[in-house]
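Participant: Take a look at the following structure, please.
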Amino acid sequence: MRGLYIHVPFCVKKCAYCDFYSLPDRPDLVEPYIHAVFKEATHHAGLSFQTVYLGGGTPGLLGAQGLSRLIRGLRDIFDLSRVSEATLEVNPDSTSRTLLEAARMAGINRISIGVQSLVDLELQKAGRIHTAEQAIQSILMAKKAGFHSISCDVMLGLPGQNAATLISTLKKLLDLEIQHLSLYCLSIEPDTPFSIRPPADLPSEDEQADLYAGACTLLQEKGFLHYEISNFALPGYVCLHNLNYWQGGEYLGLGPAAASHLGGKRFKNRADLESYLTNPGGFIEDEEILEIGQKTAEEAILRLRLLREGLDIGELTRRFGDDVIHPLRLRLDDLVEKELLIRSGSVYRLPDQCVLVSNPILAKVLES
Amino acid sequence: MLIFRWKMKNIRNFCIVAHIDHGKSTLADRILELTGVIHTTNNEQVLDSMDLERERGITIKAKAVRIPYRARNGENYILNLIDTPGHVDFNYEVSRSLKACEGAVLLVDATQGVEAQTIANAYLAVDAGLEIIPVINKIDLPNAMIEETRKQIEDMLGLPGGDVLLVSGKTGAGVPELLEAIVSQIPAPKGDSSAPLSCLIFDSYYDSYRGVIPHIRIFSGTLNRGDKIQVKSTGKIFEVNEIGYFTPDLMPGEKLSAGEVGYISAVIRDVGDIHVGDTIISPEHPETPAIPGFRKAKPMVFCGIYPISTNDYPKLTAALEKFQLNDSSIVFEKETSAALGHGYRLGFLGMLHMDITLERLRREYGQELIATMPSVVYKVVTHQGEELMIDNPSKFPEPQYIDHIEEPIIQARIIVPNEHIGAVMELSKSTRGTLVAMEHPDPRRALLTYEFPLAEIITGYYDKLKSVSRGYASMDYEFIGYKPGNLVKVDILVKENQVDALSYISDRESAVSKARVLIHKLRKLIPRQLFTIPLQASINGKIVAREDIAPLRKDVLAKCYGGDITRKRKLLEKQKEGKKRMKMVGTVEVPQEAFLLLLKMEE
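For the protein sequence lines, the chains are S and U, in the order given. Taken in order, the first sequence gives residues 266 to 633; the numbers are from the numbering used here. Taken in order, the second sequence gives residues -12 to 590; the numbers are from the numbering used here.
What follows is the structure in structure tokens.
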């Protein structure tokens, strides 16, 4: 299993909480950007992928034509014949019928919409430029364009949010019959407007925990599987591309700030469009080859995020040998004893009540 | 080199004593400059050689400088200026330095007037039988109150106001007259250069090549390079391989005779072999009596220190051993805490001494440390009549064995402007002070004499005094003995585990309210963890305060954007690193700051 990710670094406006790499909309740079992606891709020409994901930023800002050309070009460089899932991330403010139809034609079969909330006041406070109505329209538009796999991002912990507003957002989305939902906790990242001037009405830690619990109950009642800490899907609609991240699989990331995991190496492009345009893929930061102990511990913390699948220590032992896995197993068993993990057979999982406090538990799994 | 032999009548041994910040070091610099000992000062004080001293504006260790001076009568003199520490923690060291002198310049800041330490120093100088030259400093400042200060010197110190000299250490005004006064008013030393050797060690420092370098004042006899010497209190014998004086650098010579001040080097490797205040005699005359007043440094304040990581214990041991070479007044012994592991119990002369030592340990030896709350030494008397001296609350016997507890008491002299008397009295009442006397030595200020438990003083009385008097009150104190107190031990439990390093002794009356404050602060300080953490305070097994830390509800990494796994893992690793700086109490991670909480109770 191998995934292809393309990072499109343009945004109409940066959101108040966002620390991902993005730049203001620059139509003049779309063409050079696409060329640069092709150039970077040729370094890995011939690779075959099973999933594709266009994220950002706002990939929709490439325009219908840009998007088609990008995907067509990548088909020439890579083997995309066995792709079973190809996702396009869109923002409600820049979704158009032309764009969606072009995406459909180019082979995109899944749409992920940055809804965040269906309460206008919450959207405003978060610095989003779309309205609840636009978000609803974009879902309907995607359906009309023939997409049967639609995912929505919803944020938990937005300023002013409470149980009633979150549940109403979720219910409206469920009524629109979406197949997948990512529920991300707002985190205040350094150097974002929210960290510089924290909003007064951010829900407290306890309130966020209650919001999360309420959302989980609702989604499970409606038949959604809670397959990853932040992700819910109807049976058959788990996001394969993201699943591959959690399973320790390989992926290639193209574009500035994109991360890759290929041939046992993790590396990340520099978050700088200008240097990317001059030498695509030539500026690498954070390159690392993990030693075996780190590698297995990392895989353990990733797989533990998969709440249903869990971490199968037997499988890990078969791949890496008992000598390598033994210390990890001791740490895991210690956590089972403290009731911070549960074990059934050779599979370890996070207990429901520990999902939202998984950081300190996963940190203990990493401990060596 | 040729050493010019001085006639004893042309030697003057003197010191400068003053309240803190009254300009002692600046005046000393001006004297050294005027006599040509140093040429430029760049505004740096020559006698304060340690960085920390300069930062804190205080002199910690005494030193001595030999100053050649040609007086107006045409004769050449040697003035030995012996510097003294200016803080109450170092009163014993001050008394040893004074002992090496015949006279003292008592310096008073014209803008401040006589302060508490002025009085304390004047008393010490009188006790030592010194000739006192009262001097008013900072006369160049526009807010100098020369006449008022002169009157205070008369009224509060009983010194003739007419004899007071006026100087400015900053501009040098009046300093030549002061030098003349030193020559004319301070008596020359007395002593027989041919009698058996008797000299006082008034200071020392440790040189990593030459060992201990004692600073000495010879009272009788003559000490030559190559002579054998004996330390009176230990009987240890050494051979003098270098002898000389300070310019302020070391200037080796051939000998020192009665009345002179200088240093010796005698390959003294063990700091325990020689102490400030001890007497050096000749092994040929072991019957020579000790110079009175010698005592080993007596620590008044104790605290535990622990490495953050238990692996660093050997490093801490090495650092402490090295440290003690330069400051033999620090005592330490091994201590084991259930909460903090292996560490040391350190004894200090006082709070300032403790602060400085801990800062220096951290700075000079690059050691990260946890320092526990300071404690005084309690005298616990058992029903069997046993007297136990206990410097660590966690070592207290069980209450059923205790007949009564006595605690160290100090007498404080506080000078305070009239308008702040009420506030100071209120503060002193709340810190268990007993007013002994109130005098009005000048119309604007009162001199209050109080008795306090030392324990109150070390938990921040001085800072509070400064704060309630807007910085105008000054204080000095001395230890006067032990008195029974109504005291109890308060234990702190974190998730049912008693944390020995947090136990403290309190007067019964305020024990519960202090416990509540402490528990509340602990709750704010200890981060939420995966389980409920009950925090309790108990007195004799009875819980008197409790708060719970609710379990952590949310600590999760949400979005894994574009597969940036490395960043995620690093975030978790960072969290893991943060935890390494915590101390484990049972299963609870407790930040180091918790162990210093009692110190900051009132904030």
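The beta-carbon is built from N, C-alpha and C at its ideal position, and this holds for glycine as well. No experiment lies behind these values; they were computed from the predicted model shown.
Can you tell me whether DSSP reads A498(U) as helix, strand or coil?
Facilitator: If DSSP states are grouped into helix, strand and coil, A498(U) belongs with the helices.
Participant: Could you name each continuous beta strand (DSSP E) segment of 3 residues or more that falls completely within the region 257 to 317 of chain U, going from the start of the chain to the end?
Facilitator: Taking only runs of at least 3 residues, the beta strand (DSSP E) segments lying wholly in the region 257 to 317 of chain U are 266 to 268, 288 to 294.
Participant: Chain U partners of Q426(S), CB-CB under 9 Å?
Facilitator: Correct list: empty, because the minimum Cβ distance to chain U is about 14 Å.
Participant: Does the beta carbon of S623(S) come closer than 8 Å to any beta carbon on chain U?
Facilitator: So yes, S623(S) belongs to the interface.
Participant: Ends of the beta strand (DSSP E) at Q381(S)?
Facilitator: Note, Q381(S): beta strand (DSSP E), 375 to 381.
Participant: Determine, using beta-carbon pairs with one atom in the region 577 to 585 of chain S and one in the region 599 to 606 of chain S, whether at least three such pairs fall under 8 Å.
Facilitator: Not touching, per the Cβ criterion.
Participant: Could you work out which residues of chain U lie near S460(S), taking near to mean beta carbons separated by less than 7 Å?
Facilitator: Here the premise fails: no neighbours, minimum Cβ distance about 15 Å.
Participant: Cβ of L307(U) less than 8 Å from any chain S Cβ?
Facilitator: Not closer than 8 Å to any Cβ of chain S, the Cβ of L307(U) fails to qualify, so no.
Participant: Anyone know if the C-beta pair for P289(S) and A522(S) falls short of 8 Å?
Facilitator: Contact: no.
Participant: Please determine, among E564(U), L243(U), L312(U), the residue with the shortest C-alpha to C-alpha distance to I261(U).
Facilitator: Of the listed residues, the one whose Cα sits closest to I261(U) is L312(U).
Participant: Quick check: what's the CA-CA separation for A160(U) versus L583(U)?
Facilitator: So the alpha carbons of these two residues sit roughly 47 Å apart.
Participant: On a Cα-Cα basis, can you pick out the residue from M420(S), S416(S), P458(S) that is closest to Q444(S)?
Facilitator: Checked all of M420(S), S416(S), P458(S); the closest Cα to Q444(S) is S416(S).
Participant: What residues in the region 528 to 558 of chain U bring their beta carbon closer than 9 Å to a beta carbon of chain S?
Facilitator: Per Cβ criterion, the list reads A537, P538, L539, R540, K541, D542, V543, L544, A545, K546, C547, Y548, G549, G550, D551, I552, T553, R554, K555, R556, K557, L558.
Participant: Find out if the Cβ-Cβ distance for the pair V95(U), N124(U) is shorter than 8 Å.
Facilitator: Yes, the pair counts as a contact, with Cβ atoms nearer than the cut-off.
Participant: Looking at R267(S) and E515(S), is the spacing between their C-beta atoms short of 8 Å?
Facilitator: Taking 8 Å as the Cβ cut-off, E515(S) and R267(S) qualify as a contacting pair.
Participant: Give me the residue from I408(U), S456(U), K451(U), T446(U) with the minimum Cα distance to T436(U).
Facilitator: Looking at the Cα atoms, I408(U) is the closest of the given residues.
Participant: Check this for me: beta carbons of V504(U) and V455(U), under 8 Å apart or not?
Facilitator: It is not a contact, given that the beta carbons lie outside the stated cut-off.
Participant: Shorter than 8 Å from the beta carbon of A397(S) to some beta carbon of chain U?
Facilitator: No, its Cβ sits nowhere closer than 8 Å to a Cβ of chain U.
Participant: Enumerated in chain order, which unbroken segments of the beta strand (DSSP E) with a length of 3 residues or greater are wholly contained in the region 491 to 521 of chain S?
Facilitator: Listed in chain order, they are 496 to 498, 515 to 519.
Participant: Residues of chain U with a CB under 9 Å from the CB of H300(S): which are they?
Facilitator: Ordered by position in chain U, no residue passes the 9 Å Cβ test against H300(S), which lies about 21 Å from the chain.
Participant: Would you mind sorting Q330(S) into buried or exposed? The rule is 16 or more other CB atoms within 10 Å of its CB.
Facilitator: That one is exposed.
Participant: Could you list the residues in the region 523 to 537 of chain S with a C-beta less than 8 Å from some C-beta on chain U, going in chain order?
Facilitator: So the close ones are A523, A524, S525, H526, R531, K533.
Participant: According to the neighbour-count rule (16 or more other Cβ atoms, all chains shown, within 10 Å of its Cβ), is V254(U) buried or exposed?
Facilitator: Label assigned to V254(U): exposed.
Participant: Anyone know if the C-beta pair for A284(U) and S316(U) falls short of 8 Å?
Facilitator: Yes, the pair counts as a contact, with Cβ atoms nearer than the cut-off.
Participant: Go through the region 309 to 369 of chain U residue by residue and report every complete run of the alpha helix (DSSP H) that reaches 4 residues or more, in order.
Facilitator: If we require 4 residues or more, the alpha helix (DSSP H) runs fully inside the region 309 to 369 of chain U come out as 338 to 352.
Participant: Does the CB of K592(U) have a neighbour CB from chain S at under 8 Å?
Facilitator: Residue 592(U) lies beyond the stretch modelled for chain U, which goes from -12 to 590, so this question has no answer here.
Participant: Any Cβ of chain S within less than 8 Å of the Cβ of K511(U)?
Facilitator: So, not an interface residue.
Participant: Candidates D344(S), R291(S), G325(S): which alpha carbon is nearest T307(S)'s?
Facilitator: The shortest C-alpha separation from T307(S) is found at D344(S).
Participant: Does the region 70 to 84 of chain U touch the region 337 to 347 of chain U, meaning 3 or more C-beta pairs lie closer than 8 Å?
Facilitator: Short answer: they touch.
Participant: From the DSSP output, read off the bridge partner residues of C283(S).
Facilitator: Partner(s): none; C283(S) has no beta bridge.
Participant: What does E560(U) reach in chain S if we use C-beta pairs closer than 8 Å?
Facilitator: Those within 8 Å of E560(U) in chain S are A628, L631.
Participant: Please state the DSSP three-state secondary structure of L517(U).
Facilitator: Coil, per DSSP.
Participant: Could you check how far apart the C-beta atoms of L483(S) and I432(S) are, in whole angstroms? I think they sit under 8 Å.
Facilitator: With a Cβ gap of about 6 Å, L483(S) and I432(S) count as contacting.
Participant: If we define contact as Cβ-Cβ less than 8 Å, is K563(U) a contact residue for chain S?
Facilitator: For K563(U), the answer is yes, since a Cβ of chain S falls inside 8 Å of its Cβ.
Participant: State the start and end residues of the unbroken alpha helix (DSSP H) segment that holds Q559(S).
Facilitator: Where Q559(S) is concerned, the enclosing alpha helix (DSSP H) stretches over 557 to 569.
Participant: Is it right to say H526(S) is buried, meaning 16 or more other beta carbons lie within 10 angstroms of its own, or is it exposed?
Facilitator: Buried is the call here.
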